[in-house]
Amino acid sequence: MSKIRIKEELWEQVEACLKDQKSSAYKLAIIEADKILNNLITLKGVPGDSTSDKVMKIKEKFPELAGLVKAFQTKDKILNHLTYNVSPEEADAALDAYKTAISDLDNEFEISSIKDKPHLLRNIRRKMNDKIIFYCRILEGILFPTQASIISLHEGRHFTDEEKTKMKEMYKKLMYYERKSLSLDVSPDEKQEILFINEIFKNWNKFKVEVIKVSSKMQESWKKEESIDVNNYTG
340 MSKIRIKEEL WEQVEACLKD QKSSAYKLAI IEADKILNNL ITLKGVPGDS TSDKVMKIKE
400 KFPELAGLVK AFQTKDKILN HLTYNVSPEE ADAALDAYKT AISDLDNEFE ISSIKDKPHL
460 LRNIRRKMND KIIFYCRILE GILFPTQASI ISLHEGRHFT DEEKTKMKEM YKKLMYYERK
520 SLSLDVSPDE KQEILFINEI FKNWNKFKVE VIKVSSKMQE SWKKEESIDV NNYTG
């Protein structure tokens, strides 16, 4: 298998199955990997009867979807045909696909670090809100620079008014969710926790793409051949 980085506690059950290099061991490992992925998606509040059903509802989260679909097909053969023999090559391909999907999903909000804590939904929502706050801080540096921050003032000069208008619209959306999370901390409500998690999960890629554009432009601003006059910033 490839050297995909993944939290050990997520993959240790699969590794345990693979100690015996036989077809039966490969089968157990693939079934276990499917179970892990299913559990992670369920933690995010995605409904569905099977792992593949749930994945298809959030398929934009999985860049290597084709490999994952083949892994599901291998898993289905194992479950539907008890005598089906899995080759080492087929097992490696399926497990690599599962491992990549699990890693992608967990890295977004670090769900595995909170899966054993009480008040699971609340903690998932708080993890998501931490990311929202982080994105807000990035945008605030450009939208609301202070005279004391040379960095923010320098970077902010490289954004057009049109770009800043788009950033303000995204900032408003992020702040809405940040305050919604605050309200849920003040007055917990399990149904609202689920709605919050689903909404963020559905919209997260859009937010992420836009923040990547902003952070890239912030970085590029420091390549410009221009001098930085401290007196102009401090007044």
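My numbering numbers the first residue of the sequence shown as 340 and each following residue consecutively.
We put the beta carbon where it would ideally sit given N, CA and C, even for glycine.
*Excluding sequence positions up to five away, which residues of its chain have a Cβ less than 8 Å from the Cβ of GLU538?*
Here residue 538 refers to the residue found at position 199 when the sequence shown is read from its first residue. Hits under 8 Å: TYR516.
*asked:* Here's the rule: buried if 16 or more other CB atoms are within 10 angstroms of the residue's CB, otherwise exposed. What is ILE551?
replied: Counted from its first residue, the sequence shown places residue 551 at position 212. Flag for ILE551 reads exposed.
*Sequence-distant residues of its chain with Cβ nearer than 6 Å to GLY495 (five each side left out)*: Taking the sequence shown and counting its residues from 1, the one referred to as residue 495 is at position 156. Result list for GLY495: ILE481 and PRO484, in chain order.
_Residue closest to LYS545, alpha-carbon to alpha-carbon, out of ASP415, LYS512, ALA405 and ILE490_ = One-based indexing of the sequence shown puts residue 545 at position 206. It is LYS512.
*Run the CB neighbour count on SER491, radius 10 Å, all protein chains shown included, and call it buried at 16 or more, exposed below.*
By one-based count along the sequence shown, residue 491 stands at place 152. That one is buried.
*Would you kindly work out how many angstroms separate the C-alpha atoms of LYS438 and GLU354, rounded to a whole number?*
By one-based count along the sequence shown, residue 438 stands at place 99. By one-based count along the sequence shown, residue 354 stands at place 15. Roughly 11 Å separates the two Cα atoms.
*Among ARG518, THR499 and LEU444, nearest to CYS475 - alpha-carbon criterion*: Within the sequence shown, residue 475 is the residue found at index 136, counting from 1. Nearest C-alpha to CYS475: ARG518.
*Does the distance from the C-beta atom of ILE477 to that of VAL553 stay below 8 Å?*
Residue numbering aside, residue 477 sits at position 138 when the sequence shown is read from its first letter. Residue numbering aside, residue 553 sits at position 214 when the sequence shown is read from its first letter. Cβ distance < 8 Å, so ILE477 and VAL553 count as in contact.
*Anyone know if the C-beta pair for LEU434 and ALA368 falls short of 8 Å?*
Taking the first residue of the sequence shown as position 1, residue 434 is located at position 95. Taking the first residue of the sequence shown as position 1, residue 368 is located at position 29. Yes, Cβ-Cβ distance for LEU434 and ALA368 is below 8 Å.
*Could you tell me whether the Cβ atoms of ASN468 and SER520 are closer together than 8 Å?*
Taking the sequence shown and counting its residues from 1, the one referred to as residue 468 is at position 129. Taking the sequence shown and counting its residues from 1, the one referred to as residue 520 is at position 181. Yes.
*THR390 and LEU404 look like a contact to me (Cβ under 8 Å); what is the Cβ gap, rounded to whole Å?*
By 1-based counting over the sequence shown, the position of residue 390 is 51. By 1-based counting over the sequence shown, the position of residue 404 is 65. Their Cβ separation, rounded to whole angstroms, is 13 Å, which puts THR390 and LEU404 out of contact at 8 Å.
*Output yes or no for whether 8 Å exceeds the beta carbon distance between GLU549 and ARG464.*
On the sequence shown, position 210 is the one that residue 549 refers to. On the sequence shown, position 125 is the one that residue 464 refers to. No, the Cβ-Cβ distance between GLU549 and ARG464 is not below 8 Å.
*Assign VAL525 to buried or exposed, taking buried as 16 or more other Cβ atoms, counted over all protein chains shown, within 10 Å of its Cβ.*
One-based indexing of the sequence shown puts residue 525 at position 186. So VAL525 ends up on the exposed side.
_Neighbourhood of ALA440 by C-beta distance below 6 Å, restricted to the same chain and skipping five residues each side_ = Position 101 of the sequence shown, counted from the first residue, corresponds to residue 440. Result list for ALA440: LEU376, PHE401 and LEU407, in chain order.
_Between SER362 and ASN424, how many whole angstroms is the CB-CB distance? I'm expecting something under 8 Å._
By one-based count along the sequence shown, residue 362 stands at place 23. By one-based count along the sequence shown, residue 424 stands at place 85. Going by Cβ atoms, the distance from SER362 to ASN424 rounds to 5 Å, so yes, they are a contact pair.
*asked:* So, under 8 Å CB-CB, LEU418 and GLU529 are touching, yes? Tell me the CB distance rounded to an integer number of Å.
replied: Reading the sequence shown from its first residue, position 79 is the one you call residue 418. Reading the sequence shown from its first residue, position 190 is the one you call residue 529. Between GLU529 and LEU418 the Cβ distance is about 33 Å, and since that is not below 8 Å, they are no contact.
*Under three-state DSSP, which class holds LEU421?*
As a working note, residue 421 is residue 82 in the sequence shown. Here LEU421 sits in coil by DSSP.
*Which runs of the beta strand (DSSP E), 3 residues or longer, sit entirely within the region 528 to 554?*
none
*Could you have a look at LYS438 and say whether DSSP puts it in helix, strand or coil?*
In the sequence shown, residue 438 corresponds to position 99, counting from 1. It is helical.
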